[in-house]
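> What follows is a structure written as structure tokens; I'll ask about it next.
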Amino acid sequence: MIRITLPDRSVKEYPEGVTGLEIAKNISEKLAKEVYAVSVNGQVYDLTFPIEKDAEIKLYTWDDAEGRHAFWHSSAHLMAEALESLYPGIKLCIGPSTDNGFYYDIDPCGHNISEKDFPEIERKMIELARQKNRFIRKEVPKEEAIDHYRKEGNEYKVELINEFEDETITFYLHGNFSDLCRGPHLPDTSYIKAVRLLNIAGAYWRGDENRKQLTRIYGISFPKQKLLDRHMEMLEEAARRDHRRLGKELELFTFSRKVGSGLPMWLPKGARLRERLENFLKKVQDDYGYDPVLSPHIGQKELYITSGHYEKYGESSFRPINTPAEGEEFMLKPMNCPHHCEIYKSSPRSYKDLPVRYAEFGTVYRYEQSGELHGLTRVRGFTQDDAHIFCRPDQLKEEFIKVIDIVFIIFNALEFSDFEIHISLRDKEEKENYIGTDENWEKAENAILEATREKGLDAKIVYGEAAFYGPKLDFMVNDALGRKWQLGTIQVDYNLPERFDLEYTGADNEKHRPVMIHRAPFGSMERFVAVMIEHTAGRFPLWLAPEQAVIITVSEKFEFYAKKVLKFLNNYDIRALVDNRNEKVGRKIRDNEMKRIPYLLVIGEKEAESGKISVRRQGEGDKGSMELEDFAAMVTNEVKKQTTSTNKPIVN
RNA sequence: GCCGAUGUAGCUCAGUUGGUCAGAGCAGCUGAUUUGUAAUCAGCUGGCCGGGGGUUCGAAUCCCUCCAUCGGCUCCA
């Protein structure tokens, strides 16, 4: 007998070779039906894996990522089986599960598979799933595995196996299908009850654009049809929140083919909204001792050669602009930091002057490949809420922490809670991608690690994500459709100060090199607003809403009173307008609700006589009548609460 | 940039195999109605069917080519 410890620390005895599935059955029949994988001493296995020794185990169901991964990974195999049967001769490449389903990359070898074929593939998958074929794990010597795929003519799998260190390769079989795979998998195919293929796209073999482009099919599957239905509803809701759609509906921004792709233009409502965000940050920056600077949109090529941007991105950026007579070469500025370095150099600096904090809402232009452009989140011209802090090495950590505080002031004010923090370090295997000495990189990376530790941030270290001149602390959020976007970023940089030969005179009367922090709490105004739109589904907090109130007249007869109310609200800086269209009240309420106006003020005979207003809060319905003064006070307070940052720092 | 899909009024979309196929709803305009908490009624105006080229007696529809958008891949200072 062996002793099995469950997550609740309870211990049970089972015969040697007991499986996860048997343990689940022993606990309850219901659990046995819902469990998909098991971990034994931290390692995830098939439910049919025999456990030979005392172990700690955990059973995974749909509610666990591990359970879903096993489910989806098995679904990927099922899809591959369906594809092989429908399109004989295709070659399988790789087919993993993801956090959101699964995909399989295949070389179609002449077959033409398109979305139109999805229903047929789905049908086939369900048909195969119902055969209830068991997933069987099989270990094969490396040579035999290579031989198998050589015979099959699948050079992709041969390449994969050749790179494995292990001498034994595992396969999973079910029915007549077999695939190179580590597992784990479901006990059998019948668990998969509902399948939906989502999209089809090209994907390079091993993510290398110089290699063959394969066909990737994405799908998702569920143990119940109901769960699939719910998932599809969720995707529809996400599509409704899509900032590209809402941006158009709410008249926030627009694109023009004639102006050029990837070049957003802000409509009045969007521009005002962006201004509010900018002013909010400016206020915070004033509190934190930042000084504004302004720099031009272009700079000499030489500037970017000095900064290193030219060497790194010159080839793939917008072509330089030449002056006709002198032949000078200018580049559209892709970053504000080189300009800010030159501003720093404009006068000699003493250690007493530091830190110097230069802030600018700087508009930059970057060439993005056409296939990359995406609404406001990936554009060719955008405005960074940029600032550069030049400080002494002994001030670095404190300054870095203050920047983290600013990021949180903003996230708090905007009720952003769903974000991840990445510590983006360099990939030491590929040092050629970065400038600067190992020593400086070590210092910069340690500064970030220390600061995040000190702030107790839950951050994930990601290697290879650093900027070419320094490591970063990045704040990432998910959009409505689950795509990840980088918002705020804080970067430590020892390299640009060196390249620009920045100096300050120390207490010892010697020249010293300052350290630089690059930071942008919003990241880019465009991307931030996009994420705001999706995050709030267009229902902005009151202080940001383009219109805070719309006055709805019960009939055109009450326009005189509506104008009076409007004037009153305007005196309190409440953004309001009058809807005096020749429509019924119900219609006006509906239209303005759809425009996501926070407060609707209905006025008719009663209100005109009593000098009150009837207040309706968005999404909450009728709130009854109110005195004008009370409403104004309520709105003013709400705005104040949203925009007041509680922890004001004392600077220098 | 690569793979695939899409492109018809301001918006959302119909338009079977090429031949009254240039349509609908919403928006807009005009009029009637003067309205009490999520769509009042009627009429009218909107389109070089993304651009260019071709096939054909005839193209929104078929072919080529640009452009843009969408979903991915690669990239992202």
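If you count by our numbering, then the first sequence holds residues 39 to 690, one letter each, in order.
The C-beta atom is built at its ideal place from N, Cα and C for all residues, glycine as well.
Since the model is a prediction, treat every value here as computed from it, not as a measurement.
1. Based on DSSP bridge pairs, tell me the residues matched to Val38.
2. Restricting to runs no shorter than 3 residues, where is the beta strand (DSSP E) found entirely within the segment 476-550?
3. Identify, in the order they occur along the chain, each residue of the same chain with its Cβ nearer than 7 Å to the Cβ of Lys129, setting aside the five sequence neighbours on each side.
4. I need the straight-line Cα distance from Lys435 to Lys350, nearest angstrom please.
5. Pick out whichever of Arg625, Glu621, Glu645 has its Cα sitting closest to the Cα of Phe598.
6. Is there at least one non-hydrogen atom of the ligand ZN closer than 7 Å to the beta-carbon of Pro302?
7. Taking C-beta to C-beta, are Ile427 and Met554 nearer than 8 Å?
8. Along the chain, where does the alpha helix (DSSP H) that runs through Met672 open and close?
9. What's the gap between the Cα of Lys176 and the Cα of Asp185?
10. According to DSSP, is Thr292 helix, strand or coil?
11. In terms of residues, what are the limits of the beta strand (DSSP E) holding Val178?
12. Give the DSSP-derived three-state secondary structure of Gly365 in the structure shown.
13. Can you pull the DSSP bridge partners for His212?
14. Within its chain, find whatever has a CB closer than 7 Å to the CB of Arg416; leave out the 5 residues flanking it on each side and keep chain order.
15. Starting from the C-beta of Gly105, find all residues in its chain whose C-beta is less than 8 Å away, skip the five residues before and the five after it, and write them out in chain order.
16. Thinking C-alpha only, which one of Asp155, Val530, Thr475 is nearest Ala504?
17. Please state if the CB of Glu492 and the CB of Ile448 are separated by a distance shorter than 8 Å.
18. With distances taken Cα to Cα, identify the nearest neighbour of Asp137 among Phe109, Tyr210, Glu119.
19. Give me the Cα-Cα distance between Ser408 and Leu332, rounded to the nearest whole angstrom.
20. Quick one: Cα of Ser228 to Cα of Gln169, how far?
21. Taking 8 Å as the cut-off, decide whether the C-beta atoms of Leu525 and Val569 are in contact.
22. Taking just the CA atoms, how far does Ser345 sit from Lys339?
23. Given a cut-off of 8 Å on the beta-carbon distance, is the pair Ala489 and Ile444 in contact?
24. Among the residues of its own chain, which have a CB less than 8 Å from the CB of Lys678, if the five just before and after it don't count?
25. How close, in whole Å, do the beta carbons of Leu235 and Gly257 come, if the pair is a contact with beta carbons under 8 Å?
26. Measure the C-alpha to C-alpha separation of Gly576 and Ser123 and round it to an integer number of angstroms.
27. Apply the 10 Å Cβ neighbour rule to Val689 and answer buried if 16 or more other Cβ atoms are within range, or exposed otherwise.
28. So what's Lys286 in DSSP terms, helix, strand or just coil?
29. Identify whether Ser593 lies in helix, strand or coil by the three-state DSSP scheme.
30. Where Tyr342 and Glu289 are concerned, what is the direct C-alpha to C-alpha distance, given to the nearest angstrom?
31. Where does Val49 land, buried or exposed, given buried means 16+ other C-beta within 10 angstroms?
32. CA-CA distance, Trp581 and Leu511?
33. Nearest-angstrom Cα distance between Thr682 and Tyr326?
34. Inspect the beta-carbon positions of Val567 and Leu311 and report whether they are closer than 8 Å.
35. For the beta strand (DSSP E) containing Ile132, name the first residue and the last one.
36. Mind checking whether Pro179 and Asp84 have CB atoms under 8 Å apart?
If we stick to the structure as given:
1. Residue 38 lies beyond the stretch modelled for the chain, which goes from 39 to 690, so this question has no answer here.
2. DSSP assignment within the segment 476-550 yields the following whole beta strand (DSSP E) runs of 3 residues or more, N-terminal first: 497-501, 510-516, 522-531.
3. Position 91 of the first sequence holds residue 129. Same-chain partners within the cutoff: Ile144, Asp145, Cys147, Asn192, Tyr194.
4. Counting from one through the first sequence, the residue named residue 435 turns up at place 397. Counting from one through the first sequence, the residue named residue 350 turns up at place 312. Distance between the alpha carbons of Lys435 and Lys350: 28 Å.
5. Position 560 of the first sequence, counted from the first residue, corresponds to residue 598. Answer by Cα proximity: Glu645.
6. Within the structure as shown, the ligand ZN is missing, as the structure has no ligands at all.
7. Numbered from 1 along the first sequence, position 389 holds the residue referred to as residue 427. Numbered from 1 along the first sequence, position 516 holds the residue referred to as residue 554. Yes. Within cutoff.
8. Residue mapping note: residue 672 aligns to position 634 of the first sequence, counting from 1. It spans 666-681 - the alpha helix (DSSP H) in which Met672 sits, taken as one unbroken run.
9. Your numbering for residue 176 matches position 138 in the first sequence. Your numbering for residue 185 matches position 147 in the first sequence. Looking at the two C-alpha atoms, the distance is approximately 16 Å.
10. The residue you call residue 292 lines up with position 254 of the first sequence. Note: Thr292 maps to strand in three-state DSSP.
11. Sequence index remark: in the first sequence, residue 178 carries index 140 (1-based). In the DSSP assignment, Val178 falls within the beta strand (DSSP E) that extends over 174-179.
12. Here residue 365 is taken as the residue at index 327 of the first sequence, counted from 1. Judged by DSSP in its simplified three-state form, Gly365 adopts coil rather than helix or strand.
13. Start at 1 with the first residue of the first sequence, and residue 212 comes out as number 174. DSSP output for His212 lists Phe215 as bridge partner(s).
14. As a working mapping, residue 416 is identified with position 378 in the first sequence. The beta carbon of Arg416 lies closer than 7 Å to those of Glu406, Glu410 in the same chain, with the five residues before and after it left out.
15. Translated into the one-based positions of the first sequence, residue 105 becomes position 67. Within the same chain, and ignoring the five residues on either side of Gly105 in sequence, the residues whose Cβ sits closer than 8 Å to its Cβ are Val73, Tyr74, Ala75, Tyr98, Thr99.
16. For the purposes of this step, residue 504 is identified with residue 466 of the first sequence, where counting begins at 1. Cα-wise, what sits closest to Ala504 is Val530.
17. Sequence index remark: in the first sequence, residue 448 carries index 410 (1-based). Sequence index remark: in the first sequence, residue 492 carries index 454 (1-based). No, the pair does not count as a contact, with Cβ atoms beyond the cut-off.
18. On the first sequence, position 99 is the one that residue 137 refers to. Among Phe109, Tyr210, Glu119, the Cα nearest to that of Asp137 belongs to Phe109.
19. Here residue 408 corresponds to residue number 370 of the first sequence, with the count starting at 1. Here residue 332 corresponds to residue number 294 of the first sequence, with the count starting at 1. C-alpha separation (whole angstroms): 30 Å.
20. In the first sequence, counting from the first residue as 1, residue 228 sits at position 190. In the first sequence, counting from the first residue as 1, residue 169 sits at position 131. A direct Cα-Cα distance of roughly 7 Å separates Ser228 from Gln169.
21. Looking up residue 525 in the first sequence gives position 487. Looking up residue 569 in the first sequence gives position 531. In this structure, the beta-carbon distance from Leu525 to Val569 falls below 8 Å.
22. Here residue 339 refers to the residue found at position 301 of the first sequence. Here residue 345 refers to the residue found at position 307 of the first sequence. Cα-Cα distance, rounded: 10 Å.
23. As a first step, residue 489 must be located in the first sequence, where it is residue number 451. As a first step, residue 444 must be located in the first sequence, where it is residue number 406. With contacts defined as CB atoms closer than 8 Å, Ala489 and Ile444 fail to qualify as a contacting pair.
24. The residue labelled residue 678 in the question sits at position 640 within the first sequence. Same-chain partners within the cutoff: there are none.
25. Taking the first residue of the first sequence as 1, we reach residue 235 at position 197. Taking the first residue of the first sequence as 1, we reach residue 257 at position 219. In this structure Leu235 is in contact with Gly257, their Cβ atoms being roughly 4 Å apart against a cut-off of 8 Å.
26. For this step, residue 576 is matched to residue 538 along the first sequence. For this step, residue 123 is matched to residue 85 along the first sequence. Cα to Cα, Gly576 sits roughly 46 Å from Ser123.
27. Here residue 689 refers to the residue found at position 651 when the first sequence is read from its first residue. Low confidence applies to Val689: its pLDDT is 49, below 50, so where it sits in the model is not reliable enough to give any reading.
28. Residue mapping note: residue 286 aligns to position 248 of the first sequence, counting from 1. Here Lys286 sits in helix by DSSP.
29. Counting from 1 along the first sequence, the entry for residue 593 is found at position 555. Of the three classes helix, strand and coil, the one that applies to Ser593 here is coil, per DSSP.
30. Taking the first residue of the first sequence as 1, we reach residue 342 at position 304. Taking the first residue of the first sequence as 1, we reach residue 289 at position 251. Cα-Cα distance, rounded: 37 Å.
31. Here residue 49 refers to the residue found at position 11 when the first sequence is read from its first residue. Exposed: under 16 other Cβ atoms inside 10 Å.
32. By one-based count along the first sequence, residue 581 stands at place 543. By one-based count along the first sequence, residue 511 stands at place 473. So the two alpha carbons sit approximately 29 Å from each other.
33. Here residue 682 refers to the residue found at position 644 of the first sequence. Here residue 326 refers to the residue found at position 288 of the first sequence. Taking the straight line from one Cα to the other gives about 14 Å.
34. In the first sequence, counting from the first residue as 1, residue 567 sits at position 529. In the first sequence, counting from the first residue as 1, residue 311 sits at position 273. Taking a C-beta distance under 8 Å as the contact criterion, Val567 and Leu311 qualify as a contact pair.
35. The sequence position of residue 132 within the first sequence is 94, counting from 1. Element bounds for Ile132: n/a, residue is neither H nor E.
36. To locate residue 179, count along the first sequence from 1; it is residue 141. To locate residue 84, count along the first sequence from 1; it is residue 46. The answer is no: Cβ separation not under 8 Å.
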